[in-house]
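Position 90 of the sequence shown, counted from 1, bears residue number 90 in full-length UniProt numbering, the numbering being contiguous throughout.
For each residue, glycine too, the CB sits at the ideal point set by N, CA and C.
Have a look at the structure below before the remarks.
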Amino acid sequence: MSEWLAMGITNGLKLPESFRGQVEDILEGRTDPVAAKDAATVVVLRDHDEHGLQAFMLRRVRSMAFAPGAYVFPGGSVDPRDGEAALAWSGPSPAEWGKAFDADETLARELVCAAVRETFEETLVLLAGPTGETVVDDTRGDDWEADRQALLDRSQSFGGFLDRRGLVLRSDLLRPWAHWITPKIERKRYDTRFFVAAMPAGQRARDVSTEADQVAWVSPAEAAERAARGEWMMLPPTVATLAELAGFATVADVLAAQREIVVQEPVAEIIDGDAYLVLPEGVARHYPQG
Numbered sequence: 001m002s003e004w005l006a007m008g009i010t011n012g013l014k015l016p017e018s019f020r021g022q023v024e025d026i027l028e029g030r031t032d033p034v035a036a037k038d039a040a041t042v043v044v045l046r047d048h049d050e051h052g053l054q055a056f057m058l059r060r061v062r063s064m065a066f067a068p069g070a071y072v073f074p075g076g077s078v079d080p081r082d083g084e085a086a087l088a089w090s091g092p093s094p095a096e097w098g099k100a101f102d103a104d105e106t107l108a109r110e111l112v113c114a115a116v117r118e119t120f121e122e123t124l125v126l127l128a129g130p131t132g133e134t135v136v137d138d139t140r141g142d143d144w145e146a147d148r149q150a151l152l153d154r155s156q157s158f159g160g161f162l163d164r165r166g167l168v169l170r171s172d173l174l175r176p177w178a179h180w181i182t183p184k185i186e187r188k189r190y191d192t193r194f195f196v197a198a199m200p201a202g203q204r205a206r207d208v209s210t211e212a213d214q215v216a217w218v219s220p221a222e223a224a225e226r227a228a229r230g231e232w233m234m235l236p237p238t239v240a241t242l243a244e245l246a247g248f249a250t251v252a253d254v255l256a257a258q259r260e261i262v263v264q265e266p267v268a269e270i271i272d273g274d275a276y277l278v279l280p281e282g283v284a285r286h287y288p289q290g
């Protein structure tokens, strides 16, 4: 929502006057919030010899219904078939992921599969390999593109894709990072779990998505600064994640971090007659002020 780049307050963002009616309707019970869809997003990281820790980001095309023009991490909604139990799996079990994200085993499986699938669909980065100890070293080529298209149009399930190629999903390459829910005032809402992962050796991330018009490898600190200067539009979960990652020097440091996942859901309020989106402490300072 580009309007989030508005005048900041201590722990929130002032919304345009046009949002006041929506906020009041939600607060007073005249409108029921849209149900949030389960989703997963992955911060793909690498160590750069000159620039240090970097994250891969995409800018969503301005025709998108949700967050047009925003810089985001790869990710998207869960496909019901992501829960297929037959796919080959290595690393923490769905039950273990469920404990990390406070989800039942079925949803946890869906979230991990959605994280890996969506990352492949949007960047060609594939967190899977021929065995539980290896990873695919190159996903470029017409055959991989055909598989990507089949996943996009849902003519092929993610489990079917892995099975046909004899690949094992590497859940051990992911780490849980955060959990954000879209505010109730939005017409499109997502219940999103954030993961982090290292860029697999030999693979290359590139923009292969019709949903993005630009991509960038960027240090988390620089990306957060660009948001604060108003150069890059970002939603609060993205800004908060970048600000947290800016405190780490290497990918190994990020993957070794012990995280307690706390659900974050910004809340819209009427404050002194104006509509505000109240954010977790410290997030609003990363937005342009005034």
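By the C-beta density criterion, isoleucine 185 is buried, having at least 16 other C-beta atoms within 10 angstroms.
In the structure shown, the three-state DSSP call for glutamate 105 is helix. The segment 142-153 makes no contact with the segment 224-231, as fewer than three CB pairs between them are under 8 Å. A contact between stretches requires three or more CB pairs, one per stretch, nearer than 8 Å, and the segment 116-132 meets this requirement with the segment 169-182.
Burial state of glycine 29 is exposed, judged by a 10 Å Cβ sphere holding fewer than 16 other Cβ atoms. Taking 8 Å as the upper bound for CB-CB distance, alanine 70 and arginine 189 are not in contact here, some 15 Å apart.
Rounded to the nearest angstrom, the gap between the Cα atoms of alanine 223 and alanine 240 is 11 Å. The C-beta separation of glycine 76 from aspartate 137 comes to about 25 Å, leaving the pair out of contact by the 8 Å criterion. With 16 or more neighbouring CB atoms inside 10 Å of its own CB, threonine 238 falls in the buried class.
Per DSSP, the beta bridge partners of lysine 14 are Tyr276.
Under the criterion of beta carbons closer than 8 Å, alanine 178 and valine 44 do not qualify as touching, at roughly 15 Å. Following the DSSP letters along the chain, one finds proline 176 inside the beta strand (DSSP E) bounded by residues 174-181. Bridge pairing for methionine 233: Ala70 [DSSP]. The Cβ atoms of aspartate 47 and threonine 250 sit closer than 8 Å to each other. With 16 or more other Cβ atoms from the protein chains shown falling within 10 Å of its own Cβ, valine 72 counts as buried.
Taking glutamine 264 as the centre and dropping the five residues before and after it, the same chain places the C-beta of Trp180, Pro280 closer than 6 Å to its C-beta, in chain order. In the displayed model, glutamate 244 falls within a helix according to three-state DSSP. For alanine 55 and alanine 216, the gap between their C-alpha atoms comes out near 8 Å.
If you draw a straight line from the Cα of valine 168 to the Cα of glycine 52, it is about 30 Å long. Ranked by how close their Cα comes to the Cα of valine 61, the residues Arg109, Trp89, Asp213, Tyr276 have Asp213 in first place.
Put simply, of Leu13, Gly91, Ala221, Pro266 the residue whose alpha carbon is nearest the alpha carbon of arginine 170 is Gly91. Here the alpha carbons of arginine 148 and arginine 204 stand approximately 15 Å from one another. If you check the CB distance, valine 116 and proline 74 do not come in under 8 Å. In the three-state scheme derived from DSSP, where H, G and I count as helix and E and B as strand, lysine 37 is classed as strand. Here glycine 76 carries a strand assignment [DSSP, helix/strand/coil]. Excluding five sequence positions before and after arginine 193, the CB atoms of its chain that fall closer than 6 Å to its own CB belong to Ala40, Phe101, Leu111, His179, given in chain order. Here leucine 277 is actually not in contact with leucine 27; their C-beta atoms are around 13 Å apart, not less than 8 Å. Nearest Cα to arginine 187 within the set Glu17, Val23, Gly12, Leu13: Val23.
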